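If you count by the numbering used here, then the sequence shown holds residues 1 to 753, one letter each, in order.
We put the CB at the ideal spot given by N, CA and C, even for glycine.
Note that the structure is predicted; figures quoted are calculated from it, not measured.
Please read the structure below before turning to the comments.
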Amino acid sequence: PTSYPPSIGKVDKKVAPQTVGTDDIVHVVPDVISPQSTTHAKKSSALKGTSVKLATEPLLPTPRTVKPGEPVLPHTDLSDKSKNIWIVTTAALPWMTGTAVNPLLRAAYMTIGRKAAGGSVTLMLPWVEKRSDQERVYGKDRIFENEEQQEEFIRNWLRNTANMKDASKDLRIRWYTAWQERAENSLYAMGDITALMPAEEVDICVLEEPEHLNWYRAPGESWTSKFKHVVGIVHTNYFVYAQEQPAAFIRAPGMRLLCSWMCRAHCHRVIKLSGTLGNFAPEKELVENVHGVRRTFLDAGKQVRDIIVSRKGATHEVFGPDATPTIYFIGKMLWSKGLGSLMELIQYAEESAGLKVKVDMYGGGPDKDEAEARAKKMGLDMPFHGPLDHGELTASHKIFINPSTSEVLCTTVAEALAMGKFVVLPSHPSNDFFEQFPNCLAYTNKEEFVGNLYYAMTHSPEPLTKEYAYALSWQAATERFEAAGSISVAEAEAMKEALTSEDAGVEIGLPPLIKDEVERKKIASSIRLSRLRYRDFRSRLSQEIKNSNVLPKEVQQQLVTELDKRLNLNLEKMLSSPILKLELSPAELDKQLLDFYVEISGAPYGDVLRIIGGGTNVGKQNLYLKQLTREKERGRTNAKTPDFTLPPGLSSSPPLSDEDDFDAEGISKPTRWVKRVVNKNLFQKNPGVITTLNSKKSNKGDGMQMSLMNMHSKAKYQPRTGSNSLNLSSKQMACHFSSHHQIRSRASYSPLI
C-alpha cells in the first residue's frame, strides 16, 4: 500500500525474510529419505550457533509428487490414458456441494483423450432411493423418478454450465443405492459398491472422501484387493465438526482415529487438500490442491483483466481505485464459517480506522437469522441476501472476505481469485495454496486485516496473468492430481529398502502423558537426577569389571559394552508428546486393520455396531443385503439389482416391512434402534435349533430367562413380529451377549448373534 489512514500503522504485504535465531533448530529433510541417512550435519558458518539436525535413524520415505519425466510404477500411473479409472464420491448434482461438483469436474477433465487411447473414466454416484431423502437433499422441486433422469440433468449441467460438451458424452456414470443419515445430513451407500464394478474394467480407483465411504460400509470385497491402485482424496475435516458435537471429548478423538483407520486400510495413496488436516497414514499421504475452478470463472477473470488494463480501468465504477468499495461474503450461514469473527473485524475497522464498510452477505444456513440479528445489534451495514450463484457477482463486487478457518480448501476463494477479485482471508494452512496469488491479502491479526482491507478498497486488483489463471484451472488441477496420485519408482524403491530395515516400524503420536508443564519439568528433573546417580554407579561397576581377573575377556568386553550404552532420552519430550512405535511394517498394519474391519463389519452383529457407532438410518447393511438376496430369490428384484453375495455366516431373512423401516419417524432413541436390529438379526444358521428369548424376569430376578429348544429338522423358523418380539433393557442386552459368549464354548448349537 502506498497510503494509509492516519490511525493505521503501515502493513507491508511483502514480508521480509525471517532470520534464523541462535536458538532455532533447522530440520533438513530430503525429498526421499534413504534408510541409511545417518550423516550428522556440521554447523554452518553462515548459521553460527544454530544446530542443524538431520535424520539420525532409518525413516520411511516421505511421499511426494512425481516430477516431470520421472519413471512411475505402471499400475499407479494416472496419466496413462489407457487405464480404466473409477471415481467414487458421496454426493451428486443438483446438490451443489464440494463432493458433488469437484469429483464430477475431475472425472470430466480426466476423460479428455482417454477414449481414443482405449481407457475410460466412470463416475460412481449415490442414487438417493427414498423420495423423502431426495426432498431433504435436493429440494422438493428437484425430484427424480429414476437414475436416468438424474443422469440427464448432470450431463446437461456439464454441457451447458461447465461448457464441456465432449465430456458430457464420453463420461460414464454409474449409481449405487444410498440413504440419507439425517443427523449428519450425509449420504451413505446401502450395499456393497465394489460388487457393482465388473472385474475386467478396474485398474485405478479414486475414493473421494475415503473415510466417509467406509464408515458404515456393507461387507464385501475390499477396495485394495479389487483395484491395483487406490487413491483417497480427503475433502472434509471431520475432526473439527466432531469438536462441535455433543460429547466432543470422546467423539473428536474417536473420529480422528476412525478417519485414520479408514484411510490407512482402504488406500494406497492419500491426498490431503491442505495442511490443515491431521495425519492419517504418514508413509502414504501428501498435501496437494487437486481442485480447480470452472472455465466460466476464468472467462470472467479475463473480462476483469481487460477492464483493468484499459483506459477506463482507473475510473471504473467497480474495479477502479476510487470506486465505491463493494465487499461481500458468500458461503453457508454457519457460525463455524467465521461469521462472528467477520463482524468483530468489520467493527474494529470502523472504530479504529474510521472506515465505512458495507458487506453484502450471500448464502443460506441454519444460523442466518441469528447472524443477521447480531449484525443489526452491532450496528453493522450487513444486508443478508440469501443464496446466490457465485458467478453472478462477477461484475458487481471487487473484494471478497472469507474469515473461515474450518475449511480444508475453500472453493469460493479460488473462484473469487479466478474472477480477478481481491480476497482478504486469515493466514491459515487451509489458505497456503492461495497466498501465492498477488490479489490474496492474508492477515494474522486484526491490525493486518484493517491494513489489507483499506489497501483493497483504495486500489485496483492486479490483472490475472495467464500463469496464475492456469494454476487455478482444472487442467492444472488434473496434472497435479496425476502427479500426486501416482507413485514414482524412486519412492517405491526407497520404501522397499526402508521396510527391510531392522528398525522398520510405524510411529503413532499419543496425547501428553502429563499436561501440566510445571509438573512435567519436576518429574523430568527427578528422573534426570536418578539417571546421573545410576551412571556414576555404572561407571564404577564398569571399572571393576575391567580390573577383574575372574571373568573371561569376551564376557568382560560384552558387559562393559552394555554398561557403556547411554540413556539419551529426552524425558520432557517423552512426557509432552509420547510416540508409540509399532514393530510392524505399514503394509502389515494395513492388512491387520483391514482384516479386523472385515471381521467386525461382516459379522452378524455388524449392524448393531454400525448403529451404535452413529449410523442410525444407514447402519443396517447386513439386513439390507439379506433383504435384496431374499427378494432376488423370490424373483421380485429389478433387473438392475446387483448380484449381492452374503458374507459367510449370514443367511437371508424376511424382507423389511413398513413396520421395520428404520427410517420411520418417532424412532429416535439409539436403544430402540439397537433392539430393532438385534431382533431382525435373530436368524438361524442351523435350522435344527431355535432360540427364544423371554423378556420376563426369572424367579431368581437376575435378568431375562433364556430357553433353548432343540427342534427336529422339519421345524420352520417363524420370525417374531409385534411389540412383544423383543423388549430388553441395556442391562439385559449385556447379559444376553455375555450368556452367548459363555455358552458357545461348550454347546453344540450355533448361537444367534
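Could you tell me whether the Cβ atoms of residue i and residue j are closer together than 8 Å?
i: I399; j: G363; result: no
i: T90; j: P68; result: no
i: I271; j: I233; result: yes
i: R295; j: N163; result: yes
i: Y109; j: T405; result: no
i: A484; j: L286; result: yes
i: D607; j: Q621; result: yes
i: E184; j: M262; result: no
i: P463; j: F422; result: no
i: Y624; j: G113; result: no
i: K115; j: D170; result: yes
i: L86; j: C205; result: This sequence places Trp at residue 86; Leu is not what is there. In this structure, C205 lies closer than 8 Å to W86 by Cβ.
Can you name, in chain order, every residue of its own chain whose Cβ lies under 6 Å from the Cβ of residue i, other than the five neighbours on each side?
i: L213; result: L207
i: T224; result: V230
i: L60; result: E283, A498
i: W763; result: The question about residue 763 has no answer here: the residues shown for the chain are numbered 1 through 753.
i: A300; result: T394, M419
i: K356; result: none
i: S652; result: At S652, the pLDDT of 39 sits below 50, so the modelled position is not reliable; the number obtained from the coordinates is stated separately. Cβ neighbours of S652 beyond the five flanking positions: K626, T629, R630.
If we ignore side chains and look at the alpha-carbon of each, how far apart do residue i and residue j end up?
i: F434; j: H459; result: 20 Å
i: E283; j: T76; result: 16 Å
i: E448; j: S427; result: 10 Å
i: I193; j: F384; result: 42 Å
i: A416; j: A265; result: 37 Å
i: L273; j: T394; result: 26 Å
i: Y188; j: A92; result: 12 Å
i: S310; j: T324; result: 19 Å
i: K368; j: G340; result: 12 Å
i: T111; j: S222; result: 26 Å
i: F280; j: L196; result: 28 Å
i: P403; j: L529; result: 49 Å
i: S132; j: W95; result: 15 Å
i: F596; j: E631; result: 30 Å
i: M378; j: E350; result: 12 Å
i: L104; j: L123; result: 7 Å
i: F153; j: E135; result: 16 Å
i: L594; j: L532; result: 46 Å
If you drop the 5 nearest sequence neighbours on each side, which residues of the same chain put their C-beta closer than 7 Å to that of residue i?
i: R155; result: S168
i: I307; result: G313, H316, F319
i: P380; result: The question names Pro, but residue 380 is Leu in the sequence shown. Once the five neighbours on either side are set aside, the close Cβ partners of L380 are M343, I346, Q347.
i: A117; result: K81, S82
i: N84; result: G119, S120, E201, V202, D203
i: T444; result: S427
i: L277; result: V234, N237, V408
i: K358; result: I327, D381
i: Y468; result: F437
May I ask which residues mark the beginning and end of the beta strand (DSSP E) holding residue i?
i: A189; result: 186-189
i: M110; result: That residue, M110, is in no beta strand (DSSP E); its alpha helix (DSSP H) goes 98-110.
i: E285; result: 285-287
i: T177; result: 172-181
i: S120; result: 120-128
i: E269; result: Looking at the sequence provided, one finds Arg at residue 269 rather than Glu. Residues 269-272.
Ends of the alpha helix (DSSP H) at residue i?
i: W157; result: 147-160
i: G139; result: Premise fails: G139 is in no alpha helix (DSSP H) and is neither H nor E.
i: N214; result: 210-214
i: L93; result: Looking at the DSSP string, L93 is not in any alpha helix (DSSP H), and its letter there is neither H nor E.
i: I193; result: Looking at the DSSP string, I193 is not in any alpha helix (DSSP H), and its letter there is neither H nor E.
i: V518; result: 517-546
i: A117; result: Per DSSP, A117 belongs to no alpha helix (DSSP H) and is neither H nor E.
i: V309; result: 295-309
Are the C-beta of residue i and some C-beta of chain D separated by less than 8 Å?
i: I233; result: The structure shown has no chain D; it contains just one protein chain.
Who are the near neighbours of residue i in its chain, counting only those whose CB is closer than 8 Å to its CB and skipping five residues on each side?
i: V489; result: E70, P71, V72, L73
i: N102; result: E208, H235, H291, T411
i: G722; result: Legend: pLDDT at G722 = 38, less than 50; position of this residue unreliable, value from coordinates given subsequently. The answer is none, since no qualifying residue turns up.
i: M495; result: L60, P61, E283
i: N289; result: L273, S274, L409, F433, A477, R480
Which full runs of the beta strand (DSSP E) of 3+ residues lie inside the stretch 330-363, going along the chain? 359-362
What are the start and end residues of each continuous alpha helix (DSSP H) run of 4 or more residues lying completely inside the stretch 433-495, in chain order? 446-457, 466-472, 474-485
Which parts of the stretch 380-440 are runs of the alpha helix (DSSP H), unbroken and 4 residues or longer, counting only runs that do not cross its ends? 411-418
For the stretch 215-239, list the alpha helix (DSSP H) runs that are entirely contained and at least 4 residues long, ordered along the chain. 223-226
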